[in-house]
Amino acid sequence: MDVKEKILQYLESKGVSPTKAEVMLKWGKGALIKPKSISSDRVEEFLLLFNDLSAEWLFRDKGEMLLHSDSSTSDLIEELKAELNMLKGENNILREQLGLSKRAANAKSA
């Protein structure tokens, strides 16, 4: 089964028609139905929108179709977000004390 067939299988399991998915993704009509292959960029868009679909299953036929959300994982993510916000605040205070300008909100470290 190719990637496009797996995407259609996934959509069927979710009760979403290919036409509805095309509208949600803002793709042209028939993008999922026509025999033409699907580009890797489009597959990436699809995975971003339908984030419970396993890329491992889609590309390598390994594991299960759907990703399983573990409540302990989501708790850990929330804890890490809180810690990150606290560290950002502490960083701003230290930068102010050192006479440095505030770091840009969208600046990322390496």
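The sequence shown begins at -5 in the working numbering and counts up by one. Every residue, glycine too, gets a C-beta built ideally from N, C-alpha and C. As the structure is a prediction and not an experimental result, all values here were calculated from the model.
If you check the CB distance, M59 and K14 do not come in under 9 Å. Distance between N86 and A25, taken at the CA atoms: about 48 Å.
W21: not part of any alpha helix (DSSP H); DSSP gives it neither H nor E. Counting along the chain, the unbroken alpha helix (DSSP H) around I1 starts and ends at V(-3) to K8. Taking the Cα of S48 as reference, the smallest distance to any Cα among S95, E16, Y4 and L70 is reached at Y4.
Scanning the stretch 27 to 97 for uninterrupted alpha helix (DSSP H) segments of 4 residues or longer gives 34 to 43, 49 to 54 and 65 to 91, listed from N- to C-terminal end.
For the pair L61 and E38, the Cα-to-Cα distance works out to about 16 Å.
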